[in-house]
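Heads up: the protein sequence lines correspond to chains A and X, in order. Residues in the first sequence are numbered from 13 upward in steps of one, following my numbering. Residues in the second sequence are numbered from 60 upward in steps of one, following my numbering. All residues carry an ideal CB built from backbone N, CA and C; glycine is no exception. Quick caveat: nothing in here was measured; it's all calculated off a predicted structure.
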Amino acid sequence: MDLDHSFTVPVGVETAWAEFQDIASVAECFPGATVTGAEGDTFSGSVKVKLGPIALVYNGSGTFTEKDEAAHRFVVDAKGKDKRGNGTAGATVTLTMDGRGDSTEVKVHTDLAVTGKPAQFGRGVMQDVSDKLLGQFVACLEQRLGENGGATSAGVAAPAGGADQAAPPGETPADGSGTAPAAESTPPPAESTPPPPESTPPAESAVPPVESTAIPSEPVAPAAPPPASAPRQPSPTPRGSDDALDLGRTVLPLLAKAYWKQAVVALIVIIVIIWLIAR
Amino acid sequence: MIPAKFDYVAPTSVEDALSALAQHGDDAKIMAGGQSLLPVLRMRLNAPEMVIDLGRIESLRGVREDGDALVIGALTTHAEMVTNDLVRQHAVLLSKAAAEVADSQVRHRGTFGGSCAHADPAGDMGSAALAMDAEFSIAGPGGTRSVPASEFFVDLFETAIGEDEILTEIRVPKKTGWGAHYEKFVRVAHQWPIVAVAATVDASGPADGRAISEARVALTNMGSTPLRARATENALSGAAATEDGVRAAADQAAEGTNPPSDLNGDADYRRHLATVLTRRAVLKAAEA
């Protein structure tokens, strides 16, 4: 399903753009999200969706699949798997910024796909739920931009300008140096900040764990493949196998209990038939 | 599917239930009739560590009169709401709406309070309670407070009940002698309504003109909470209880609503349904 949101913030487009360079802090704006690891253009973490009767935990990761500095547009692709194996959720978030002098119009388009049981839950409830969660996500982004853009615009704007001049899209450094500076310059939010408590309201998680340090000095590589980060990343929350449903173990004893007589009779019949044939 | 493992406690008083809730906090889930919670657990859309069953708290059951209001225990089942004489006499809309909730089995387990606390925007009892200007008594660690229906339903599956609170009673002002009807549109029998309309009207004036002196209309599944159709209510005041008399008022039923779009119908379709169903509901309510 496609969901669209837009808002306007009272900061210039460069300032707004700079605010969004740290993928981890963008991800943490999602209600209930905890970022457990971030490296370069990729992050991993979990999202706890809690709404009325529903409480789901998705573990997954996300990547900047596209970052167009000239057009002020980026695309984040996030995928998650329900902790209890019920289904998956995937989202492609396209964020476009339009500078209008002192203010910036931000458009957020989300293509959301939820599979498994949650998708079937009563009518189209998941759509309502998704729309509401995304509304909170966008409100958080808006608030971050409003607060930080306004309050710390000077501090953020300077490095943003520097980053622009230092690494214009054209001057892409060689491959080897591409990932190394990224690894150095990107702060590990999981270490520097305590993970926000579950179901933190957007207002609280809006306080960014990392600000100006987040301006990445790595090259802007459109559609860059995610860095080979899997081995180095802190692994996401270990998947609990304790509550996983083992159908065989649950059902077999019941079957054995219910049908042992029939099984014994069948065995005897088979033996008799074999004996008859053998004779 | 089989729910994830959870602990279970069935206190016999509201105080015990509140202390159990305080003890387990976010990991606990309150169960009334279990008709919404159990499917959620079975689909593993939730896995609370503790389920607090209110089913053994007798003080939460039953209907009593208190001056010009009825006090309905939160654990009163839909089936009881359908047949209870006090409800039929003084709040017949609740009785009619309860009769339309899901199927007979659900009505015998599901409760009025549970349905309201669940706050499914497609739930039948929420809009009926809203139309009746019900007040919700919510017990918490600091005592009991009362919340009017207009403030009780906050958002999708979200009510004014706090994490450490329990809905105990619903207080409904008597509408003795009013007619009522709950018009529910479903594609599959016993399913959630695509749109439904709860209407109760006072058409007890002089028999010759059969005019409506006062009306209350609330909409189900036309937004993230039950909604009152205020424009329609105002227009109905003094209208003749005839198809033509009601039509113009009913046409305003969807004013100010923002209904959802899904496979069952888009927002425009729902707005149209709301006007048609409102006309039917009001007419039937005026006849009754």
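| query | result |
| --- | --- |
| Min CB distance V146(X) to chain A below 8 Å | no |
| Cα-Cα separation, A87(X) to S95(X) | 15 Å |
| Residue interval of the beta strand (DSSP E) (run including I220(X)) | Unbroken run through I220(X): none, as it is neither H nor E. |
| Limits of the unbroken alpha helix (DSSP H) element including M140(X) | 137-142 |
| Beta-carbon proximity of H249(X) to A161(X), cut-off 8 Å | yes |
| The stretch 119-135 of chain X touching the stretch 204-214 of chain X, judged by at least three CB pairs closer than 8 Å | no |
| The stretch 133-159 of chain X: positions lying closer than 7 Å to chain A by Cβ | none |
| Selection from V276(A), I286(A), P43(A) that minimises the alpha carbon distance to S58(A) | P43(A) |
| F271(X) classed as buried or exposed, judged by whether at least 16 other C-beta atoms fall within 10 angstroms | Per the sequence shown, the amino acid found at residue 271(X) is Ile instead of Phe. By the 10 Å Cβ count, I271(X) comes out buried. |
| A90(A) to G72(A) span [Cα, whole Å] | 7 Å |
| Amino acids of chain A, ordered along the chain, whose beta-carbon sits closer than 7 Å to that of N105(X) | P65, I66, A67 |
| Cβ of L332(X) within 8 Å of any chain A Cβ | no |
| Three-way DSSP call (helix, strand, coil) for M191(X) in this model | coil |
| 8 Å Cβ cutoff, E224(X) in contact with chain A | no |
| Within chain A, partners of V99(X) - CB distance below 7 Å | P65, I66 |
| Same chain, Cβ closer than 8 Å to Q274(A), five either side skipped, listed in chain order | none |
| Under 8 Å between C-beta atoms of D66(X) and M109(X) | yes |
| Min CB distance H17(A) to chain X below 8 Å | no |
| Alpha-carbon spacing of G132(X) relative to A91(X), whole angstroms | 11 Å |
| Min CB distance V87(A) to chain X below 8 Å | no |
| Where I280(A) falls: helix, strand or coil (DSSP) | helix |
| Three-state secondary structure assigned by DSSP to V151(X) | helix |
| For A178(X), the three-state DSSP class (helix, strand or coil) | coil |
| Close-in-space but distant-in-sequence residues of the same chain around G162(A) (CB under 6 Å, 5 per side omitted) | Here G162(A) scores only 47 on pLDDT, less than 50, and its place in the model should not be relied on; the value that follows carries that caveat. Around G162(A): no qualifying Cβ. |
| Near-chain A residues of the stretch 232-249 of chain X (beta-carbon distance less than 8 Å), N- to C-terminal order | none |
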